[in-house]
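Read through the structure below, which is laid out as structure tokens, and then see the notes.
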Amino acid sequence: MLLDVKDLHAHLRTRWGTVKAVDGVSFSIEAGETLGLVGESGSGKTMTALSLLRLLPEPAGRIVNGQVLLDGEDLVAKSEREMRRIRGRRISMILQDPQTSLNPVFNVGNQIVEALRVHLGRRANGLWKRAEEALRRVKVAAPQERLRSFPHQMSGGMKQRVVGAIALASEPKLLIADEPTTALDVTIQLQYLMLLKDVQARMGLGMLFITHDFGIVARMCDRVAVMYAGRIVESGPVREIFKAPRHPYTAALMASVPRMEARVHRLPSIDGQPPALHRLPGGCRFAPRCSYVDERCRLEYPPAVAIGRSHAAACWKVAP
Amino acid sequence: MQRFILRRFFQSLVVLLVVAVVVFALARVTGNAADLLLPEDAGREDREHLLKALGLDRPMHEQLARFLKGALSGDLGMSIRYRKPAVEVFFERLPNTLTLVPIALLSAIVISIPLGLLAAVYRGTIIDRVSGAIAVLGIATPSFWLGIVLIYIFSIQLGWLPSARMGGPAHYILPTITLAAFLVAGMMRLVRSSVLEVLNSEFVKLARIKGLSQTVVIWKHCLRNALIPVVTLFGVFFALLVTGAIVTETVFAWPGVGRLTYEAVIFRDYPLLQAVILLKAMIVLGVNLAVDILYAYLDPRVRYS
Amino acid sequence: MAITTAPADVAVVDDAAPQREFRRLPWVSFAVIAVLALVAVLAPLIATHSPTEQSLPDKLRPPAWQEGGSTKHLLGTDLLGRDVFSRLVYGARVSLTVAMFALLSGGLIGLAIGILAGYAGGRTDSALMRIVDATLTFPTILIALVLAVSLGAGLGTIVLAITVIIWARFARVVRGEVLTVKTRDFVALARVHGCSHVRIMAIHIVPNVLNTFMVLMTLHIGFVIIVEASLSFLGAGIPPPTPSWGQMVADGRSHIASAWWLSALPGAAIMLVVLSFNLFGDWLRDWLDPRLRQV
């Protein structure tokens, strides 16, 4: 097991009170496998990812409970100094918006070399050679010249490739991709996804792929975990969940994705809004928006019920 | 890049011309140009004589042409008080200001940038609060009064430091504090808010993801970006500094061009005032041009466009 | 509601993001301002003496609590035997009057130019903004001094001088505000309906930048008071014998060793008042228009 997250709780102090952004999340990722983490904005996907790196916003964010086991080592117990040796080298992350992910005042080479230097040591030779290598890995044309370019001289897609190169420069085992294509033009989204998949296969990466788009999940992921209001409500192999989603929220999410083959007059949507995280309803958090809701749903949070070998859903209506 | 600087250069020339015309026009619009240019005790004949000599009986555009021509050749009239060419008086005093202003500017930068940075990084802590309080007080304190209070405490009551005029290093301490104080307040707030913005940016997050230490993240990734707005607003700060120098030099009887400006006002020495203003305008515009070049160096987005 | 893309969930805790903060009203500042306003309005009732009446036998009396002071002159007397307390009281009146006129004139000119630049856009905008930038990076106090010398000191001159100094600050912010208002749908709609430009500016733009404008005015009161005091200090303000705080500081300067109260008291008054206005302005900004925090 490459990554094993157990019962992770992360809280954020905001001006409205403490928010349980990640509230008892568990999942695992094998080497070479891709787990999709799906949910609406504000469901806690990004917070989960940042928790793994121990980079929650300071000083508001805090991991209050749980374990993050990377190759069996618990990251939650590590010191900041130890974490720095893990970030970039063993876990890396690609952020959502390439326009702002790169520092505008340094050239690209500088920013890649910097990532390499942290892990290979100040005196390591041939850092620029390796940086060129890193760019070649993400299929950037004329990498040698690109190293001297500044971010504003590149297109969005190119920048996101550079961010990928930085993330992969130190050959990590686990890559977190946080909606890496959301900010890209539709035409280059697919290109980028294919690139990620290709690199993953070559490097044997484990990947945590965060998205809100089930179309991308189908293309990229082996397994998927659906998050709602800080908790995972359903998880399982992509194939199985696509065939038969068991949680009403998963079903609703999938139904709201437009499909080419079906002729629909109006896309179904989920009524209401996700609950405010500082005022969560007592029972199932999806209850206020759920069409199958009954009394018990409003009172008690449902336990995760196993359906088949690795498929589980947290809903009272799911019979094992 | 070169075009950018060239364009700025021409803009500066235009500003200078506008200032010259304003100064010229103000002396004439009021209809008593001769009075402004004459000592108060001048007689009637002097007046007639001056009108002729300065061509004030000529049409306006001719006078303007003559004024500008004179200005170009370095002739901005005679100071009434010093009975010397005004330009000459200015350049006699300039070195004294050039020893004071750069020291004050440097102190302000050395104090306010680290303090603003620390206030942002340790937001909400005691450092942030103290520097915030200093900034609020610094902005509300008129610098002429600060100077007087400093003189009262350190020269008169404690007797530690000289209160006026130039001299050894000790003479620089109080004027430097006075001149730097309000710059520190303004710069510190600016650095703090721009560092806060940068700290929240995605590239800082990526830098942390790479595994960089807090020190590298702050001093490499934040500082340079946070300095851009400071450099952008440097022109404004420099303008404040020139203003502050007038007041500070007046309070400390410092024989520089700031004090000269004050003297020109107090003695209603219009030729001197107009020379001081045009020459100061030239210096300010020159400095701003230099800052634009520095700005292009700091921010590659400007350098390569 | 359909599931839509929105920025990452981190935004929830982004403290740098402008947000309305319901800070408590700064009572102390508010009280200082109220007292100041009251004193300015009721100056003749509060002052114990005429601010200009000289009495050489009484000159340089220290404040009442110091040795040699008397309750007749609460805060002592100046070089010419004038009562410092009464001069401070009337000085408040002068400071506030000048500040009010200067703010109105500088503010309105800045507002007009800001709206024009922002609304017209294109060449008009870039030309006007270049003038604004040039003004901001120029020590405009020099122009103010020339004005004072050439036009002669007086209320009109000093208002004009301060206007020259502050208008650009208003124009710059207002223009930025107009740029965002301009893109809103109701402006486009008004244009579709055939509203004239003047009408759109008057009916749609002005009311929407008014909040910002009021906050800017408040934030600049303190600044204007300092500028007025500085000009007075430099001999380019309201001419004597009318009392003004800046001039009082200047007059007392050479006697600081023997009569500290002459400079110290009016200076402290300026500082207290400016501090109060600034804190009050900060509060108003956070309440009405938090995006202005960078200004």
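Respectively, the protein sequence lines represent chains A, B and C.
So the first sequence is residues 38 to 357, counted in this note's numbering.
So the second sequence is residues 96 to 400, counted in this note's numbering.
So the third sequence is residues 30 to 324, counted in this note's numbering.
Every residue, glycine too, gets a C-beta built ideally from N, C-alpha and C.
Going by beta-carbon coordinates alone, are residue i and residue j separated by less than 8 Å?
i, j, result
"Val110 of chain B", "Leu301 of chain B", "no"
"Gly125 of chain A", "Lys315 of chain B", "no"
"Leu205 of chain A", "Phe298 of chain B", "no"
"Leu121 of chain B", "Ser179 of chain C", "yes"
"Ile253 of chain A", "Ala86 of chain A", "no"
"Ala58 of chain A", "Gly73 of chain A", "no"
"Ile255 of chain C", "Pro270 of chain B", "no"
"Leu313 of chain C", "Val244 of chain C", "yes"
"Pro188 of chain A", "Lys176 of chain A", "no"
"Cys321 of chain A", "Pro339 of chain A", "yes"
Exposed or buried, residue i, counting other C-beta atoms within 10 Å across all chains shown (16 or more means buried)?
i, result
"Ile248 of chain B", "exposed"
"Tyr392 of chain B", "exposed"
"Asn162 of chain A", "exposed"
"Ala60 of chain C", "exposed"
"Leu304 of chain C", "buried"
"Glu50 of chain C", "Its pLDDT being 43, under 50, Glu50 of chain C is placed unreliably in this model, and the value from its coordinates should be taken loosely. With fewer than 16 other Cβ atoms within 10 Å, it is exposed."
"Ala326 of chain C", "The first residue shown for chain C is 30 and the last is 324, placing residue 326 of chain C beyond what the model contains."
"Ala220 of chain A", "buried"
"Phe215 of chain C", "exposed"
"Ser207 of chain B", "buried"
"Gly242 of chain B", "buried"
"Lys101 of chain C", "exposed"
"Leu290 of chain C", "At residue 290 of chain C the sequence reads Trp, which differs from the Leu that was named. The residue is buried, with at least 16 neighbouring Cβ atoms inside 10 Å."
"Asp250 of chain A", "buried"
"Met377 of chain B", "exposed"
"Leu368 of chain B", "buried"
"Val42 of chain A", "buried"
"Leu336 of chain A", "exposed"
"Arg118 of chain A", "exposed"
"Gly353 of chain B", "buried"
"Phe375 of chain B", "One detail in the question is off: residue 375 of chain B reads as Lys in this sequence, not Phe. Counting Cβ neighbours within 10 Å, Lys375 of chain B comes out buried, since at least 16 surround it."
"Gly267 of chain A", "buried"
Between which two residues does the beta strand (DSSP E) containing residue i stretch?
i, result
"Leu381 of chain B", "Just to set this straight, residue 381 of chain B is Gly in the shown sequence, not Leu. No beta strand (DSSP E) holds Gly381 of chain B; the alpha helix (DSSP H) holding it covers Tyr365 to Leu393."
"Pro261 of chain A", "Here residue 261 of chain A turns out to be Val, not Pro, going by the sequence shown. Arg260 to Tyr265 is the span of the beta strand (DSSP E), which, as asked, contains Val261 of chain A."
"Pro274 of chain A", "Arg268 to Pro274"
"Met130 of chain A", "Ile128 to Ile131"
"His46 of chain A", "Leu40 to Thr51"
"Ser116 of chain A", "Segment: none, Ser116 of chain A is in no beta strand (DSSP E) and carries neither H nor E."
"Asp392 of chain A", "There is no way to answer for residue 392 of chain A, as the model of chain A reaches only from 38 to 357."
"Val64 of chain C", "Here Val64 of chain C belongs to no beta strand (DSSP E); instead the alpha helix (DSSP H) covers Trp56 to Val70."
State the start and end residues of the unbroken alpha helix (DSSP H) segment that holds residue i.
i, result
"Arg159 of chain A", "From DSSP, Arg159 of chain A is part of no alpha helix (DSSP H); its letter is neither H nor E."
"Met283 of chain B", "Ala265 to Leu294"
"Thr186 of chain C", "Leu184 to Lys211"
"Ile254 of chain C", "Val235 to Phe262"
"Glu208 of chain A", "Premise fails: Glu208 of chain A is in no alpha helix (DSSP H) and is neither H nor E."
"Val231 of chain B", "Ile221 to Ala235"
"Ala341 of chain A", "Here Ala341 of chain A belongs to no alpha helix (DSSP H); instead the beta strand (DSSP E) covers Ala341 to Ile344."
"Gly73 of chain A", "Per DSSP, Gly73 of chain A belongs to no alpha helix (DSSP H); it is in the beta strand (DSSP E), Thr71 to Val75."
"Arg335 of chain A", "Glu332 to Leu336"
"Asn191 of chain B", "Ala181 to Val216"
"Thr153 of chain C", "Gly151 to Leu165"
Would you call the stretch 235-248 of chain A in contact with the stretch 272-287 of chain A, where contact means no fewer than 3 C-beta pairs closer than 8 Å? In short, these stretches do not touch, since the Cβ pair count stays below three.
Can you list, in chain order, the residues of the stretch 125-156 of chain C whose Cβ is nearer than 7 Å to any Cβ on chain B? Answer in chain order: no residues at all.
Can you give me, in chain order, the residues of the stretch 294-313 of chain C that have a beta carbon less than 9 Å from any beta carbon in chain B? Residues of the stretch 294-313 of chain C with a Cβ closer than 9 Å to any Cβ of chain B, in chain order: Pro295, Gly296, Ala297, Ile299, Met300, Leu301, Val302, Val303, Leu304, Ser305, Phe306, Asn307, Leu308 and Asp311.
Residues, ordered as in the chain, of the stretch 167-186 of chain C that lie near chain B by beta-carbon distance below 9 Å: Flagged, chain order: Phe167, Pro168, Thr169, Ile170, Leu171, Ile172, Leu174, Val175, Leu176, Ala177, Val178, Ser179, Leu180 and Gly181.
Given 8 Å, three or more beta-carbon pairs between the stretch 78-89 of chain C and the stretch 106-120 of chain C: In short, these stretches touch, since the Cβ pair count reaches three.
Check each residue of the stretch 221-242 of chain B: if its Cβ is closer than 9 Å to any Cβ of chain A, include it; give the result in chain order. Of all residues in the stretch 221-242 of chain B, none places a beta-carbon less than 9 Å from a beta-carbon of chain A.
Can at least three beta-carbon pairs, one atom from the stretch 252-270 of chain A and one from the stretch 159-174 of chain A, be found at a separation below 8 Å? In the pairwise beta carbon analysis, the stretch 252-270 of chain A is classified as not touching the stretch 159-174 of chain A: fewer than three pairs are separated by under 8 Å.
Against chain B: residues of the stretch 120-140 of chain A by CB proximity under 7 Å: For the stretch 120-140 of chain A, which is checked against every Cβ of chain B, the residues closer than 7 Å are Arg121, Arg122, Arg124, Gly125, Arg126, Ser129, Met130, Leu132, Asp134, Thr137, Ser138, Leu139 and Asn140.
Could you run through the stretch 182-213 of chain A and flag, in chain order, every residue whose CB is less than 9 Å away from some CB of chain B? Those residues of the stretch 182-213 of chain A that come within reach of chain B (Cβ to Cβ, closer than 9 Å) are Phe187, Pro188, His189, Gln190, Val200, Ile203, Ala204, Ala206, Ser207 and Ile213.
Using a Cβ-Cβ cut-off of less than 8 Å, list which residues of the stretch 100-120 of chain C approach chain B; keep chain order. From the stretch 100-120 of chain C, no residue has a Cβ closer than 8 Å to chain B.
Residues within the stretch 239-266 of chain C neighbouring chain B, beta-carbon criterion of under 7 Å: For the stretch 239-266 of chain C, the set of positions with a beta-carbon nearer than 7 Å to some beta-carbon of chain B reads Gly251, Ile255, Ala258, Ser259, Phe262, Leu263, Gly264 and Ala265 in chain order.
If you pair each beta-carbon of the stretch 216-231 of chain A with each one of the stretch 319-330 of chain B, do three or more pairs fall below 8 Å? Under the three-pair Cβ rule at 8 Å, the stretch 216-231 of chain A does not count as touching the stretch 319-330 of chain B.
Positions along the stretch 301-312 of chain B whose CB lies within less than 9 Å of some CB in chain A: Those would be Leu301, Ala302, Arg303, Ile304, Lys305, Gly306, Leu307, Ser308, Gln309 and Val311, in chain order.
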